[in-house]
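First the structure, in the form of C-alpha cells, and then the observations on it.
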Amino acid sequence: MIFPGISFGLVAAFAIPGLFLGWAQAPRSRWVLAAILLSMFALLGVFITERYRLVAVPGLLIFAALGLSILRRAFAAREFKNAVIYLALLTLATTFVAWPQRDRSLWALDAYNSGWQALESNNLPLAEKKLAVAYAYVPENSETLFALGNLRFAQNDPSAAQSFYHSVLNLDPDHKGAFNNLGVIALDAKKYPEAEKWFRHAEDVDPRNAKTHFLLAKTLLAKNDRRAARVEIDAAIALKPEQPEFRELKQQIETKFQ
Numbered sequence: 670m671i672f673p674g675i676s677f678g679l680v681a682a683f684a685i686p687g688l689f690l691g692w693a694q695a696p697r698s699r700w701v702l703a704a705i706l707l708s709m710f711a712l713l714g715v716f717i718t719e720r721y722r723l724v725a726v727p728g729l730l731i732f733a734a735l736g737l738s739i740l741r742r743a744f745a746a747r748e749f750k751n752a753v754i755y756l757a758l759l760t761l762a763t764t765f766v767a768w769p770q771r772d773r774s775l776w777a778l779d780a781y782n783s784g785w786q787a788l789e790s791n792n793l794p795l796a797e798k799k800l801a802v803a804y805a806y807v808p809e810n811s812e813t814l815f816a817l818g819n820l821r822f823a824q825n826d827p828s829a830a831q832s833f834y835h836s837v838l839n840l841d842p843d844h845k846g847a848f849n850n851l852g853v854i855a856l857d858a859k860k861y862p863e864a865e866k867w868f869r870h871a872e873d874v875d876p877r878n879a880k881t882h883f884l885l886a887k888t889l890l891a892k893n894d895r896r897a898a899r900v901e902i903d904a905a906i907a908l909k910p911e912q913p914e915f916r917e918l919k920q921q922i923e924t925k926f927q
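Below you can see the structure in the form of C-alpha cells.
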C-alpha cells in the first residue's frame, strides 16, 4: 500500500535503479521483476486505469527498498562506485518519470478515469467536474464524449446525451456503446423503428453481444414482430443462458402471442 502523499511516480523513480542493481547484485530479485513484467504484459490489452497500475506497486516497493539498501551499504563500506552508479540511475529514472508529456490526451487521462469511476458510482457532480476537465484537454476524443453522453443520460437529459453520442459516431463510426445507448433512448421514447435501427448497427459491430440481442428483442416485441423477437432472444440466451431477464423476456414473447 502507498501511504497518502507518496505518488506512483516517486515509487517508480526509486524502483528503477533498484531494479538494475538488483538484477546484477541480487539474482533472486529477478523473480520479482518477472512478476512485474508479467502484470504489465497482462494489461496490454486493456485500457489502463489507476486501479490496474497499482498491481505493480508491491514489486516496485521491493526494488525501491533494495536500491536504497544498496546505496546505504555502498556508503557504509565506502564503495563510492556503487553509490555513484545508483545516484546516476536515480537521476535518469527521475528525469524519465517526470518528463513533461506533450500529448494532451495523457494530461486528460487521470481526469477521465476519475470521472468515469465517479459516474459508475453515481457521483454525478464529481463526474461532471472531472469529465469537464478531460473534455477541455481533448474535446474530440470519442471515449470522453461517450462518457459525457452517459453522464447526460444519467442526468435524465436524453437530448444532450444523443448529441454527444452522435458526436462519438462522427469520430468512431463503429462505436458499439453509442449505437446501443441511442437505441435505448429511442426505445424509452417508444420510437421503435429508430431503436431497431441503432440496435442493428450495434449488432453488426458485435454480433456476439448478448445485451444487444436482448434489447433488440424487446424492441421487436414492442413492434409486435414475434418471429424476429424470438430469433433475437434465442440468440441472447444462447450467448448468456444464465441471465434470468433473458428467459423472462422469452416468456413474455411466448405469452403475448398465444
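Sequential numbering of the sequence shown, starting at 670, is according to my numbering.
By construction, the Cβ of each residue, glycine as well, lies at the ideal position given by its N, Cα and C atoms.
- For Pro696, no alpha helix (DSSP H) encloses it, and the DSSP letter there is neither H nor E.
- Sequence-distant partners of Leu735 (beyond 5 residues in either direction) whose C-beta falls short of 8 angstroms from its own C-beta, in its chain, are Gly687, Leu690, Gly691, Ala695 and Ser698.
- In summary, Asn825 is exposed, with fewer than 16 beta-carbon neighbours lying within 10 Å of its beta-carbon over all protein chains present.
- About 5 angstroms separates the CB atoms of Asp843 and Val874; that is less than 8 angstroms, so the two are in contact.
- Straight through space, the alpha carbons of Leu758 and Leu817 are spaced by roughly 42 angstroms.
- Taking the CA atoms as reference points, Ala745 sits about 21 angstroms from Thr760.
- Inside the region 739-796, DSSP marks whole alpha helix (DSSP H) runs of 4 or more residues at positions 749-767 and 773-789, from first to last along the chain.
- Across the set Ala693, Leu890 and Val900, the C-alpha of Leu890 shows the shortest separation from the C-alpha of Thr924.
- Between Ala752 and Phe683, the gap from beta carbon to beta carbon reaches 9 angstroms or more.
- Boundaries of the alpha helix (DSSP H) around Asn849: Lys845 to Asp857.
- Considering only Leu800, Thr888, Gln831 and Lys909, the residue with the shortest C-alpha distance to Ile922 is Thr888.
- Annotation for Leu706: no residue places its beta carbon closer than 8 angstroms to its own, counting only its chain and skipping 5 residues before and after.
- Note that the C-beta distance between Leu788 and Ala801 is not below 9 angstroms.
- Counted as a single uninterrupted DSSP element, the stretch harbouring Pro910 is not any alpha helix (DSSP H), since DSSP gives it neither H nor E.
- Phe732 and Ile685 have their C-alpha atoms some 7 angstroms from each other.
- Counting along the chain, no alpha helix (DSSP H) covers Gln824, and no H or E run does either.
- Counting only residues of its own chain and dropping the five nearest sequence neighbours on each side, Ala897 has a CB closer than 7 angstroms to the CB of Leu889.
- In the three-state DSSP reduction, Arg895 falls in the helix class (H, G or I).
- Ranked by Cα distance from Val680, the options Phe765, Glu748 and Trp700 are led by Phe765.
- Rounded to whole angstroms, the separation of the alpha carbons of Ala871 and Leu814 is 18 angstroms.
- With a 10 Å radius around the Cβ and a threshold of 16 neighbouring Cβ atoms, Ser790 comes out exposed.
- The beta carbons of Ala803 and Ala777 sit closer together than 9 angstroms.
- The C-beta distance from Ala855 to Ala847 rounds to 13 angstroms, too long to fall under 8 angstroms, and the pair is not in contact.
- In the displayed model, Glu809 falls within coil according to three-state DSSP, outside both helix and strand.
- Counting only the Cα atoms, Asn850 lies some 13 angstroms from Phe883.
- Counting only residues of its own chain and dropping the five nearest sequence neighbours on each side, Phe749 has a CB closer than 8 angstroms to the CB of Ala743.
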